[in-house]
Amino acid sequence: MSWLRTELWTAEVVYAGFGTPMLRGALAVQGGFVVGQGSLEELRARFPQAEVVHKGLALLPPPVNAHTHLDLSLLPLYRGPFAGFLSHVVAHRERRGLEGARRGLEELLASGAGAFADIVFKDEVMDFLLQESPLPGVAFYEVFAPEPSLAEEVYRAVRRKVEAWRRREGKVKVGLSPHAPYSVSPPLLKRLAEWARAEGLPLMVHAAESPEEVAFLARGEGPLREVYGRFAKTPWTPPGTTPVRHLHALGVLGPTTLLVHGVQVDEEEVGLLAETGTKVVLCPRSNANLEVGEAPLALYAKHGVELALGTDSRGSSPDLDVKNEARFLWGRAEPRLLVRALTRGGYRALGLPTPRLTRGTPLSLVHFL
Numbered sequence: 001m002s003w004l005r006t007e008l009w010t011a012e013v014v015y016a017g018f019g020t021p022m023l024r025g026a027l028a029v030q031g032g033f034v035v036g037q038g039s040l041e042e043l044r045a046r047f048p049q050a051e052v053v054h055k056g057l058a059l060l061p062p063p064v065n066a067h068t069h070l071d072l073s074l075l076p077l078y079r080g081p082f083a084g085f086l087s088h089v090v091a092h093r094e095r096r097g098l099e100g101a102r103r104g105l106e107e108l109l110a111s112g113a114g115a116f117a118d119i120v121f122k123d124e125v126m127d128f129l130l131q132e133s134p135l136p137g138v139a140f141y142e143v144f145a146p147e148p149s150l151a152e153e154v155y156r157a158v159r160r161k162v163e164a165w166r167r168r169e170g171k172v173k174v175g176l177s178p179h180a181p182y183s184v185s186p187p188l189l190k191r192l193a194e195w196a197r198a199e200g201l202p203l204m205v206h207a208a209e210s211p212e213e214v215a216f217l218a219r220g221e222g223p224l225r226e227v228y229g230r231f232a233k234t235p236w237t238p239p240g241t242t243p244v245r246h247l248h249a250l251g252v253l254g255p256t257t258l259l260v261h262g263v264q265v266d267e268e269e270v271g272l273l274a275e276t277g278t279k280v281v282l283c284p285r286s287n288a289n290l291e292v293g294e295a296p297l298a299l300y301a302k303h304g305v306e307l308a309l310g311t312d313s314r315g316s317s318p319d320l321d322v323k324n325e326a327r328f329l330w331g332r333a334e335p336r337l338l339v340r341a342l343t344r345g346g347y348r349a350l351g352l353p354t355p356r357l358t359r360g361t362p363l364s365l366v367h368f369l
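First residue of the sequence shown: 1, per UniProt numbering; consecutive thereafter.
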């Protein structure tokens, strides 16, 4: 493109960061900057000499990777049954840590992500992200504590750490991640949710991911029973319900809660997520590799649940480029829904403003899908 020539960039979906993603939209670009946005017909009338250039599936602001485990970036990729993935992570625990987080953050930056949400397992990784991340986002401190008798002790220890980290927030804010409804005891889940709500802390919880999780919560059956037994002395008493209903009963759902995966849900549960304002982060490539099924995108769209996209970790996904999650789903869902999830849905989930592609925006901030 010559410096002074105007081009009209268009794609299947064009989203400028505000309003509704457009099916017949375009960006007018000139001299390395956006000089206009709107419908293709409107921009053709404004710039009659401009060449129309098709740019693929979508044009959009910098996307959000709303679910990562950066410290797992050195793990080999796992493909297979869900329960085996937990053993895979444990078997490679020596590769988990600061070096993986550094590598993962470098990959996020190279992918063009505009913001991110990370699950932080080790204190050194939280320190690193708070001090060094050039990207805005939320670092969710992960809690894994299935033993009910330790609930109060764990709660006090987690609270001390999180309060200290929050005093050092900058680009990266601190959140809290009770790992999952099968790996955090009900009394601790309830306690953490109450505290997070009182303090305005964002919550992120893995839930409704696999059939194994559903079976364990409903009847105490399946391979997760053995996993639970490795970490808890008290026998598991299943709540006798589904993951989403269990979380709702404990007060975990709400407008500052991000539920990750949300594959194993029925329409009533999707309605609960919508009513409580809970956001859902989809990780479709990880779900495919772990053989857990596909999230019901049409149900989420029907009920107006705010969706975001995440890659999950390098242990269950081939890369950390969240745009590839949308490409994976393209053709299986309404394309404007996917573009919104990549951008506005992700920024809203993290409490951040969505960047806008308006007159004067550098073309370096225009992303292609």
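For glycine and all other residues, C-beta sits at the position ideal for the given N, C-alpha and C. In this text, all values refer to a predicted model and were calculated from it rather than measured experimentally.
Put simply, the backbone Cα of His-179 is about 6 Å away from that of Glu-142. When Cβ pairs closer than 8 Å are counted between the two stretches, the stretch 342-355 is seen to touch the stretch 109-116, the count reaching three or more.
In terms of Cβ geometry, Ala-341 and Val-305 do not form a close pair [threshold 7 Å]. Annotation: Pro-63 to Val-205 spans about 21 Å, alpha carbon to alpha carbon. In the DSSP assignment, Asp-118 falls within the beta strand (DSSP E) that extends over 115-120. As for any alpha helix (DSSP H) of minimum length 4 sitting wholly inside the stretch 121-195, the runs are 123-132, 151-166, ordered along the chain. The Cβ atoms of Gly-175 and Leu-192 do not sit closer than 7 Å to each other. Going by beta carbons, Val-292 and Gly-310 fall outside the 7 Å limit. Taking the C-beta atoms as reference points, Leu-75 is found nearer than 7 Å to His-92. Assignment of His-88 by DSSP, reduced to helix, strand and coil, places it in the helix class. Inside the stretch 314-349, DSSP marks whole alpha helix (DSSP H) runs of 4 or more residues at positions 323-329, 335-340, 346-349, from first to last along the chain. Note on Asp-123: under 16 other CB atoms within 10 angstroms of its CB, so exposed under the neighbour-count rule.
Using a Cβ distance threshold of 7 Å, Val-184 and Ala-208 do not count as a contacting pair. Straight through space, the alpha carbons of Trp-236 and Lys-173 are spaced by roughly 34 Å. In terms of CA proximity to Ser-286, Val-263 leads the group Glu-267, Arg-102, Val-263, Trp-9.
When C-alpha distances from Ala-16 are compared across Arg-168, Glu-147, Leu-59, Glu-94, the shortest belongs to Leu-59. For Ala-66 against Gly-315, the beta-carbon gap comes to about 18 Å, at or over 8 Å, which does not count as contact.
By the neighbour-count criterion, in which a residue is buried when 16 or more other Cβ atoms sit within 10 angstroms of its Cβ, Gly-100 is buried. Taken atom to atom, the span from the alpha-carbon of His-261 to that of Asp-319 is near 17 Å. By the neighbour-count criterion, in which a residue is buried when 16 or more other Cβ atoms sit within 10 angstroms of its Cβ, Arg-168 is exposed. If the five residues before and after Leu-40 are omitted, its C-beta is found closer than 6 Å to the C-beta atoms of Thr-10, Arg-24, Ala-26, all from its own chain and listed in chain order. With 16 or more other CB atoms across the displayed protein chains lying within 10 angstroms of its CB, Gln-37 is buried. Residue ranges of uninterrupted beta strand (DSSP E) with 3 or more members, entirely inside the stretch 42-74 and ordered along the chain, are 51-54, 58-60, 64-68. Between Arg-79 and Asn-324, the gap from beta carbon to beta carbon reaches 7 Å or more. Distance check between Glu-213 and each of Lys-233, Thr-242, Ala-198, Arg-230 places Thr-242 closest, using alpha-carbon atoms only.
Counting of Cβ neighbours within 10 angstroms places Glu-7 among the buried residues, the total reaching 16 or more.
Within the DSSP bridge table, the entry for Pro-362 names Phe-33 as partners.
Straight through space, the alpha carbons of Glu-107 and Ala-151 are spaced by roughly 36 Å. Beta-bridge analysis with DSSP links Lys-279 to Leu-258. Take Pro-362, set aside five residues on each side of it, and the residues of its chain with a beta-carbon closer than 7 Å to its own are Gly-32, Phe-33, in chain order. Rounded to the nearest angstrom, the gap between the Cα atoms of Gly-331 and Phe-140 is 32 Å. Residue environment analysis places Ser-87 among the exposed positions, since fewer than 16 neighbouring C-beta atoms fall within 10 angstroms of its C-beta. Per DSSP, reduced to three states, the secondary structure at Glu-7 is strand. Residue nearest to Glu-226 within the set Ala-83, Leu-337, Gly-271 is Ala-83 (criterion: CA-CA distance). Residue pairing by DSSP places Val-14 opposite Met-22, Leu-59 in a beta bridge. Contact annotation, Pro-187 with Pro-148: C-beta distance approximately 6 Å; criterion of less than 8 Å satisfied.
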